[in-house]
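Counting in full-length UniProt numbering, the sequence shown runs without a single skipped number right up to 254 at its last residue.
Think of the CB as a built atom: it goes at the ideal place given N, C-alpha and C, for glycine as much as any other residue.
Data block below; observations after.
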Amino acid sequence: MVNVGRHPRTGFDLRRQGNHPAAADFADRMKLQHEETQAALKKAQDDMRRYVDRGRGEAVKYKEGDKVLLATWDLQIQGRPTRKLMEKFIGPYVIKKVISPNAVELDLPQSIRIHPVVNVSRIVLYREQVEGQGSKPAPAVEIEGEQEWEVEKILNAKWFRGKKRYLVRWKGYTAEADSWEPEENLVNAKELITEFHQLYGELNRIHHVLRDTGFQERELPNRFTAKALFGWDDKQFDAEHLKKLERNWRTWRS
């Protein structure tokens, strides 16, 4: 009162009746709109919460020693030419340590190039099969008196010591049982080999050179220079870069 000549408003006072009915009506309408907007926002939040919770189950509590399957949607795995040939989940892998309710450390092989600590959203609990449940690995069959395992699909191919080798997925087995097999071991899987090459083509140029000339790696004759072997004779490289390629080529051959 002394400072401003009137009693200040505390904010809790009733609104005084103004002399402008239009302004008072506008204030009433704005207050009503704010209340309706807040009510609509709260209803939308409640609806969204119910929708999300509907698809949620109880959170799985993992512990050390549990076996889990790992999602493959962002993995870089050696020996896989394309994600289309990968499973949605691989494993099982053992949990080495529980970092937090949202993260665990897995015991991963070196072929999986990710950090071993992963979010729990990327794993699912592995359930051991019991007798009478699920499928078992396909047993070996006898072909001409010898036991053979059926090939499910071809995953990759490479040259090794002058021979083709194929990465094989065995029918009824997981990725842990994949193995590199020479072509002569896959005489009963020729259709799968043909299908693989139709999808992904033949091996690259350097492998063709090694195959067609019939000599092994590190036994290439002198007439094969770096340019000829790799197709680098199209005048697209400057002289200094070609010298570097030749030096690397001589080092590799030594």
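Have a look at glutamine 38 and serine 100 and give me their C-alpha separation to the nearest angstrom. Your numbering for residue 38 matches position 38 in the sequence shown. Your numbering for residue 100 matches position 100 in the sequence shown. Distance between the alpha carbons of glutamine 38 and serine 100 is about 37 Å.
Three-state secondary structure (DSSP) at asparagine 119? Against the sequence shown, residue 119 aligns to sequence position 119. It is a strand residue.
Just to confirm before moving on: does the CB-CB distance between valine 124 and leucine 69 stay below 7 Å? Taking the first residue of the sequence shown as position 1, residue 124 is located at position 124. Taking the first residue of the sequence shown as position 1, residue 69 is located at position 69. Yes, the Cβ-Cβ distance between valine 124 and leucine 69 is below 7 Å.
Nearest-angstrom Cα distance between arginine 49 and alanine 40? In the sequence shown, counting from the first residue as 1, residue 49 sits at position 49. In the sequence shown, counting from the first residue as 1, residue 40 sits at position 40. Their backbone Cα atoms lie some 14 Å apart in a straight line.
Comparing alpha-carbon positions, which option in Lys243, Glu184 and Lys61 lies nearest valine 98? Working through the sequence shown from its first residue, we reach residue 98 at position 98. Selected option, being the one with the closest Cα: Lys61.
Taking only the alpha-carbon atoms, compute the straight-line gap between lysine 96 and glutamate 64 and give it to the nearest angstrom. Counting from 1 along the sequence shown, the entry for residue 96 is found at position 96. Counting from 1 along the sequence shown, the entry for residue 64 is found at position 64. Taking the straight line joining both Cα atoms gives about 6 Å.
Within 10 angstroms of the Cβ of tyrosine 51, are there 16 or more other Cβ atoms? Answer buried if so, exposed if not. Here the question's residue 51 lines up with position 51 in the sequence shown. Result: exposed.
Considering only the beta carbon of each residue, do arginine 169 and glutamate 183 sit closer than 7 Å? Counting from one through the sequence shown, the residue named residue 169 turns up at place 169. Counting from one through the sequence shown, the residue named residue 183 turns up at place 183. No. Outside cutoff.
Where does valine 187 land, buried or exposed, given buried means 16+ other C-beta within 10 angstroms? On the sequence shown, position 187 is the one that residue 187 refers to. Exposed, since its Cβ has fewer than 16 Cβ neighbours within 10 Å.
Quick check: what's the CA-CA separation for proline 137 versus arginine 54? Taking the sequence shown and counting its residues from 1, one reaches residue 137 at position 137. Taking the sequence shown and counting its residues from 1, one reaches residue 54 at position 54. Only weak support exists for where proline 137 lies, its pLDDT of 47 falling under 50; the value from the coordinates is given anyway. In a straight line, the C-alpha of proline 137 is about 37 Å away from that of arginine 54.
Return the residue from the list Glu105, Gly162, Gly91 and Val104 that minimises the CA-CA distance to glutamate 128. Within the sequence shown, numbered from 1, the residue matching residue 128 stands at position 128. Minimum Cα distance to glutamate 128 is reached at Gly91.
Report, in whole angstroms, the separation of the C-beta atoms of lysine 67 and tyrosine 126, which I expect to be a contact under 8 Å. If you number the sequence shown from 1, residue 67 lands on position 67. If you number the sequence shown from 1, residue 126 lands on position 126. 4 Å between Cβ atoms; contact.
Could you tell me the distance, in whole angstroms, from the CA atom of asparagine 19 to the CA atom of aspartate 28? Stepping through the sequence shown from its first residue, residue 19 is reached at position 19. Stepping through the sequence shown from its first residue, residue 28 is reached at position 28. Spanning the two alpha carbons is a distance of roughly 15 Å.
Glutamate 105 in three-state terms, based on DSSP: Taking the sequence shown and counting its residues from 1, one reaches residue 105 at position 105. When DSSP states are grouped into helix, strand and coil, glutamate 105 belongs to the strand group.
Pick helix, strand or coil for leucine 75, following the three-state DSSP scheme. Along the sequence shown, one-based indexing puts residue 75 at 75. Of the three classes helix, strand and coil, the one that applies to leucine 75 here is coil, per DSSP.
Assign phenylalanine 160 to buried or exposed, taking buried as 16 or more other Cβ atoms, counted over all protein chains shown, within 10 Å of its Cβ. Numbered from its first residue, the sequence shown carries residue 160 at position 160. Phenylalanine 160 comes out exposed.
7 Å Cβ shell around serine 179 - same chain, five flanking residues per side excluded: In the sequence shown, counting from the first residue as 1, residue 179 sits at position 179. Answer for serine 179: Val168, listed in chain order.
In this structure, how does DSSP classify arginine 54 when only helix, strand and coil are distinguished? For this step, residue 54 is matched to residue 54 along the sequence shown. Helix at arginine 54.
Would you say glutamate 105 and valine 94 are within 7 Å of each other, going by their C-beta atoms? As a working mapping, residue 105 is identified with position 105 in the sequence shown. As a working mapping, residue 94 is identified with position 94 in the sequence shown. No, Cβ-Cβ distance for glutamate 105 and valine 94 is not below 7 Å.
Is it true that the CB of arginine 113 sits closer than 7 Å to the CB of alanine 71? Within the sequence shown, residue 71 is the residue found at index 71, counting from 1. Within the sequence shown, residue 113 is the residue found at index 113, counting from 1. In this structure, alanine 71 keeps its C-beta atom at 7 Å or more from the C-beta atom of arginine 113.
Compare the C-alpha of lysine 163 against each of Lys190, Gln110 and Glu181 and name the closest. Position 163 of the sequence shown holds residue 163. When each option's Cα is compared against that of lysine 163, the closest is Glu181.
Kindly list the residues whose CB is nearer than 7 Å to the CB of isoleucine 193, restricted to its own chain and excluding five residues on each side of it in sequence; keep chain order. Counting from one through the sequence shown, the residue named residue 193 turns up at place 193. Correct list, in chain order: Ile154, Tyr166 and Leu186.
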